[in-house]
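Participant: Note that the protein sequences, when read in sequence, are chains A and B. Position one of the first sequence corresponds to residue 28 (my numbering), numbered consecutively onward. Position one of the second sequence corresponds to residue 28 (my numbering), numbered consecutively onward. Even glycine gets a Cβ: it sits at the ideal position worked out from N, Cα and C. One structure, as structure tokens, below. Some questions next.
There are 2 protein chains.
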Amino acid sequence: MRYGIAVFPSKKVQDVANSYRKRYDPHYALIPPHITMKEAFEADEQEIENKIIPELSEIAKNTQPFTYGVYKVSSFSPVTNTIYLKIEPSEEIFELNDKLHAGELPDEKDFAFVPHITIAQKLSDEEFSDVYGSLRMLKFDLNDKVDRFQLLYQLENGAWSVYETFRLGKG
Amino acid sequence: MRYGIAVFPSKKVQDVANSYRKRYDPHYALIPPHITMKEAFEADEQEIENKIIPELSEIAKNTQPFTYGVYKVSSFSPVTNTIYLKIEPSEEIFELNDKLHAGELPDEKDFAFVPHITIAQKLSDEEFSDVYGSLRMLKFDLNDKVDRFQLLYQLENGAWSVYETFRLGKG
Numbered sequence: 028m029r030y031g032i033a034v035f036p037s038k039k040v041q042d043v044a045n046s047y048r049k050r051y052d053p054h055y056a057l058i059p060p061h062i063t064m065k066e067a068f069e070a071d072e073q074e075i076e077n078k079i080i081p082e083l084s085e086i087a088k089n090t091q092p093f094t095y096g097v098y099k100v101s102s103f104s105p106v107t108n109t110i111y112l113k114i115e116p117s118e119e120i121f122e123l124n125d126k127l128h129a130g131e132l133p134d135e136k137d138f139a140f141v142p143h144i145t146i147a148q149k150l151s152d153e154e155f156s157d158v159y160g161s162l163r164m165l166k167f168d169l170n171d172k173v174d175r176f177q178l179l180y181q182l183e184n185g186a187w188s189v190y191e192t193f194r195l196g197k198g
Numbered sequence: 028m029r030y031g032i033a034v035f036p037s038k039k040v041q042d043v044a045n046s047y048r049k050r051y052d053p054h055y056a057l058i059p060p061h062i063t064m065k066e067a068f069e070a071d072e073q074e075i076e077n078k079i080i081p082e083l084s085e086i087a088k089n090t091q092p093f094t095y096g097v098y099k100v101s102s103f104s105p106v107t108n109t110i111y112l113k114i115e116p117s118e119e120i121f122e123l124n125d126k127l128h129a130g131e132l133p134d135e136k137d138f139a140f141v142p143h144i145t146i147a148q149k150l151s152d153e154e155f156s157d158v159y160g161s162l163r164m165l166k167f168d169l170n171d172k173v174d175r176f177q178l179l180y181q182l183e184n185g186a187w188s189v190y191e192t193f194r195l196g197k198g
């Protein structure tokens, strides 16, 4: 089965992200707005229960909740036409990302970690120019807290279902 | 904020449900297939953190995982045109439902609890006759386990985001 790890922002931030995703993100219906902390990986239920969940519990226990800010929109262009709410980089989120790619956990990392909340993707080049041209002007003043992350699995239709919640700083 | 409590079936059962929901359920994109254990209720974050989550943890700790079967399709007609995968009633699921409407928890219950996974809703009467006429002939032989329930909150677009996972039989 395909699993992934994400942080879901507060309702406030999710609502802002959805106001753009609705129009510009074909994954709008597959998962709520999120910060991908670990890209999709294959595992069987045995591994998940016996190896991965204990490891994730340990990581959660040893990580304190932290805050982040969202002030602007950015893009992965020219690599992809994805547009996202930029998570103002904090040491804590990079540390958490590192922990989620160490030890017993699958450690493939194709790209450097850029913490973000996708709001537009799979746009044509022309759409991208239009949409990014206007979205890049936006200014936000959002502050939010990361106090948990979630292990999800993917259904056949591409949607993600939450399997387990890990609270930071809790045993 | 609006909260609710649901059990998400295994991927196997969710995939079966989605194969029908895709065509017949306008809520397809708002939440994965689920068994509603507690209808939407209003609460503020304070109440959720200080009162409701401790209560839910206690309930989860004192409830053992249990199994259920899905063998056929049924409907709430003539009350509504909702069509669902019928959860073969087990004492355990009714007990869990009772616990989730007792103590500190909001206890409004408009209807008797009928455990189910919705696969079609908001059909016109004509669509309903057609669709139910064919779906009611289906036979399933699905067996699944309930070993957790989830507390969710609703976003402005109507979608639900998981806030916390409660594992049955765990402290």
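#1: Anyone know if the C-beta pair for B:A67 and B:M28 falls short of 8 Å?
#2: Can you tell me whether B:D52 is helix, strand or coil according to DSSP?
#3: Exposed or buried, A:Q177, counting other C-beta atoms within 10 Å across all chains shown (16 or more means buried)?
#4: Suppose the cutoff is 6 Å on Cβ atoms and the five residues either side in sequence are ignored; what does the same chain contact list for A:T63 look like?
#5: Show which residues of chain B have a CB atom less than 9 Å away from the CB atom of A:F35.
#6: Run the proximity test for A:F103: is its beta-carbon closer than 7 Å to any non-hydrogen atom belonging to the ligand COA?
#7: Which chain A residues are close to B:A70, counting only those with a beta carbon under 9 Å from its beta carbon?
#8: Quick test of your reading: A:Y111 and A:S101, contact by CB under 8 Å. State the CB separation rounded to the nearest angstrom.
#9: Can you list, in chain order, the residues of its chain whose CB lies under 6 Å from that of B:I120, leaving out five sequence neighbours each side?
#10: Does the segment 44 to 60 of chain B come close enough to the segment 183 to 196 of chain A that 3 or more CB-CB pairs lie under 8 Å?
#11: List the whole-angstrom C-beta distance separating B:V173 from B:P116, where the pair is believed to meet the contact cut-off of C-beta under 8 Å.
#12: Take B:Y47 and list the residues in its own chain whose beta-carbon comes closer than 6 Å to its own, dropping the five residues that flank it on each side.
#13: Are the C-beta of B:Y180 and some C-beta of chain A separated by less than 8 Å?
#14: Taking the Cβ atom as the reference point for each residue, do B:L169 and B:V97 lie within a distance shorter than 8 Å?
#15: Among all the DSSP beta bridges, which residues are the ones paired with B:F176?
#16: What does the Cβ neighbour count give for B:G130, buried or exposed, with the cut at 16 atoms within 10 Å?
#17: Reducing DSSP to helix, strand and coil, say where A:V158 ends up.
#18: Where does A:V34 fall in DSSP's three states?
#19: Beta-carbon of A:M164 versus every beta-carbon of chain B: anything under 8 Å?
#20: Measuring only between beta-carbons, confirm whether B:K199 sits less than 8 Å from chain A.
Facilitator: Taking the coordinates as given:
#1: no
#2: coil
#3: buried
#4: A33
#5: S188, V189 and Y190
#6: The model depicted lacks the ligand COA and carries no ligand whatsoever.
#7: By Cβ distance, chain A contributes nothing, its closest Cβ being about 13 Å from B:A70, past 9 Å.
#8: 6 Å
#9: P142
#10: yes
#11: 13 Å between Cβ atoms; not a contact.
#12: I146
#13: yes
#14: yes
#15: B:F193
#16: exposed
#17: helix
#18: strand
#19: no
#20: Residue 199 of chain B lies beyond the stretch modelled for chain B, which goes from 28 to 198, so this question has no answer here.
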